[in-house]
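Worksheet: one structure, shown below.
Written out as structure tokens, the structure reads:
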């Protein structure tokens, strides 16, 4: 599995991938900072986008949470494309001749992609923090708490974002293995997370308590109105485990005929 | 070639000969999709240390067979061994196998060298080995260029380089000369001979039968999923009917010669300044009969069937 991980890593560290994956996540994080701060106005601390709210120790964490859904979608897309391209390029044949132990190959490749996704989330968050620290004084937002008592909250949010992004990545890998082509995998994933889950939740509010995307979003927020943190973490991880098991079973038994 | 054992015109389903030192041996290898058998009970034998050609019409089941040998597709029935390891456990032999299946497949945005490093890392081979195989296929100078900028011929050569990474005992190549110019084809031919001379077994599928005729020692022919022939390539061509090319002193003699040949029971037709006679076994009788008819033959050449003609004869079921 180590060789599969290192082999995949050779692909991930190329400039184009860094630009497309990490660059994309950076762009979303920076956009979240700029838009949130631009909207920040005088108002009580219980308003989500007020100067008072953002000046609280967990103010930066609340900014990060606003962009987290997009990071999750990006993570799903990165892993789905990286996995499905092995079919569309025909490279899976060569990989399996060199590593016929399919589960090891899949595990090593997916792990490398998830490490890349999580690393990108952390780097994007740190860059967003630096940017926010530069912009905040001009908007009258106090940032002393962010790096003081709020540092733990920020770190926890970044950790949850990385965890949720990894979860979305596992869903991306499963979709890629099912459809074996990058575009349908990404479109299917995005269609499920954004319109499908939102429509289901609006139609039947209690259903959100059981949907995978909603649980991962709740994990990032440390729990929300849909699900508490513990429930979201447990159910979200269960969904991820089922997706990983399904991916492994499918990859192991299916003929490679492309 | 380590053996000259012929397995001519093996009937489908016949047990593979046990007296061949085989790198690949299958028993009733079968693959069915939705009830349709694309490979049907193939008993394949590829002698160790040979260049073996794998031919058959489009859709005959060649690629599916190769995929089964490489563990990419699971047989529906039957089995076999590759380099002594069971098809059920590809890990037992794949580290000693190099393969180029259905054309070269690489990451277009990576350089040729980086593509090979991805495979070398996965297989546990050194970076020095990457440079060695780039040297073998003469791509070292272009190794830093992105794969997508390569010509078709360069892509094929990179595919061969990838197959050579493990210093394989068995090299499986699917259409390795596709897209190559005449020089490239000649170089590939020389490479295959070199690999064979170094002790490697080369199993090469190609639709360029003239190419295989020049380089292969052994031939496996499948048709509609069934084994139609396997054995030394010379045996197949020798077993095909040879023809005669005959000329006389004057153009007027040609029709006489053709009529004599027909009287002797062979088909004959005049084409340009020659008579083409289907049955070469009548050569002596023809010579005598032509003399009696007052015609002196100025040319009498036995034409052996080409591999292409032998291939057509087998696939059209003309051979017994």
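Residue numbers (the numbering used here), protein chains in the order written: chain B, 5 to 262; chain W, 65 to 384.
For glycine and all other residues, C-beta sits at the position ideal for the given N, C-alpha and C.
| Partners in chain W for residue 94/B, counting only beta-carbon separations shorter than 9 Å | 165, 166, 167, 168, 169 and 170
| said: Using beta carbons (cut-off 7 Å, strictly below), is residue 14/B in contact with chain W? | reply: yes
| field | Secondary structure, alpha helix (DSSP H): runs of 4+ residues fully inside the stretch 191 to 229 of chain B | value | 201 to 207 and 216 to 224
| said: Which residues in chain B have a C-beta closer than 8 Å to the C-beta of residue 154/W? List them in chain order. | reply: 104
| said: Can you tell me where the beta strand (DSSP E) holding residue 361/W begins and where it ends? | reply: 361 to 367
| Which term fits residue 275/W, buried or exposed, when burial requires 16 or more other beta carbons within 10 angstroms of its beta carbon? | buried
| query | Does DSSP put residue 185/W in a helix, a strand or coil? | reply | helix
| At least 3 beta-carbon pairs within less than 8 Å: the stretch 183 to 203 of chain B vs the stretch 150 to 163 of chain B | no
| query | Who are the Cβ neighbours of residue 165/W in its own chain at under 8 Å, not counting the five residues just before and after it? | reply | 127, 130, 131, 134, 136, 236 and 238
| 8 Å Cβ cut-off: residues of chain B touching residue 183/W | 11, 98, 99 and 102
| query | Which residues in the same chain have their Cβ closer than 6 Å to the Cβ of residue 363/W, if we skip the five residues on either side of it in sequence? | reply | 311
| task | Indicate whether residue 140/W and residue 98/W have their beta-carbon atoms separated by less than 7 Å. | result | no
| said: For residue 153/W and residue 106/B, I'd like the C-alpha separation in whole angstroms. | reply: 12 Å
| query | When the Cα atoms are used, what is the spatial distance from residue 69/W to residue 299/W? | reply | With a pLDDT of only 36 at residue 69/W, under 50, the local geometry of the prediction cannot be trusted, and the value read off the model is given with reservation. The alpha-carbon atoms of residue 69/W and residue 299/W are separated by roughly 10 Å.
| Enumerated in chain order, which unbroken segments of the alpha helix (DSSP H) with a length of 4 residues or greater are wholly contained in the stretch 56 to 117 of chain B? | 63 to 92 and 95 to 102
| Is there contact here, the stretch 58 to 67 of chain B with the stretch 128 to 146 of chain B, by at least three beta-carbon pairs under 8 Å? | yes
| field | Short Cβ contact (7 Å threshold) for residue 118/W with residue 335/W | value | no
| task | Counting only runs of 3+ residues fully inside the stretch 213 to 243 of chain W, write out the beta strand (DSSP E) ranges in chain order. | result | 234 to 238
| request: Give the secondary structure of residue 148/B by DSSP, where H, G and I count as helix, E and B as strand, and everything else as coil. | output: helix
| query | Just reading off the beta strand (DSSP E) that residue 139/W is part of, what are its end residues? | reply | Taken as a continuous stretch (DSSP letters only), residue 139/W belongs to no beta strand (DSSP E), as it is neither H nor E.
| request: Output yes if chain B places a C-beta closer than 7 Å to the C-beta of residue 68/W; else output no. | output: Caution applies to residue 68/W, whose pLDDT of 34 falls short of 50 and renders its modelled position unreliable; the value that the coordinates give is listed next. With 7 Å as the cut-off, residue 68/W does not count as an interface residue toward chain B.
| said: Buried or exposed, going by whether 16 or more other CB atoms sit within 10 Å of the CB of residue 207/B? | reply: exposed
| Residue interval of the alpha helix (DSSP H) (run including residue 249/W) | 246 to 261
| said: Can you find the residues in the same chain that come closer than 6 Å, C-beta to C-beta, to residue 384/W, ignoring five residues on each side of it along the sequence? | reply: In this predicted model, residue 384/W has a pLDDT of only 42, less than 50, meaning its place in the structure is not dependable; the value taken from the coordinates is given anyway. Cβ within range, chain order: n/a, list empty.
| query | What runs of the beta strand (DSSP E), each 3 residues or longer, lie entirely inside the stretch 275 to 307 of chain W? | reply | 282 to 287 and 290 to 296
| said: For a quick check, are the C-beta atoms of residue 175/W and residue 209/W less than 7 Å apart? | reply: yes
| said: Tell me which residues share the same chain as residue 339/W and place their Cβ nearer than 6 Å to its Cβ, disregarding the 5 neighbours each side in the sequence. | reply: 310, 318, 321, 322 and 332
| Cβ-based contacts, 9 Å cut-off: residues of the stretch 221 to 232 of chain W near chain B | 223, 226, 227, 229 and 230
| field | For residue 116/W, the three-state DSSP class (helix, strand or coil) | value | strand
| task | Could you check what DSSP says for residue 327/W in three-state terms: helix, strand or coil? | result | helix
| message | Given this structure, state the Cα-to-Cα distance separating residue 230/B from residue 37/B, to the nearest angstrom. | response | 25 Å
| Expressed to the nearest angstrom, what Euclidean distance is found between the alpha-carbon atoms of residue 101/B and residue 157/W? | 10 Å
| field | Below-7 Å beta-carbon distance, residue 192/B vs any chain W residue | value | no
| task | Please determine if the stretch 126 to 135 of chain B and the stretch 176 to 196 of chain B are in contact, where contact requires at least 3 C-beta pairs separated by less than 8 Å. | result | no
| said: Give me the residue from 19/B, 139/B, 258/B and 108/B with the minimum Cα distance to residue 43/B. | reply: 139/B
| query | How big is the Cα-Cα spacing for residue 35/B and residue 65/B? | reply | 15 Å
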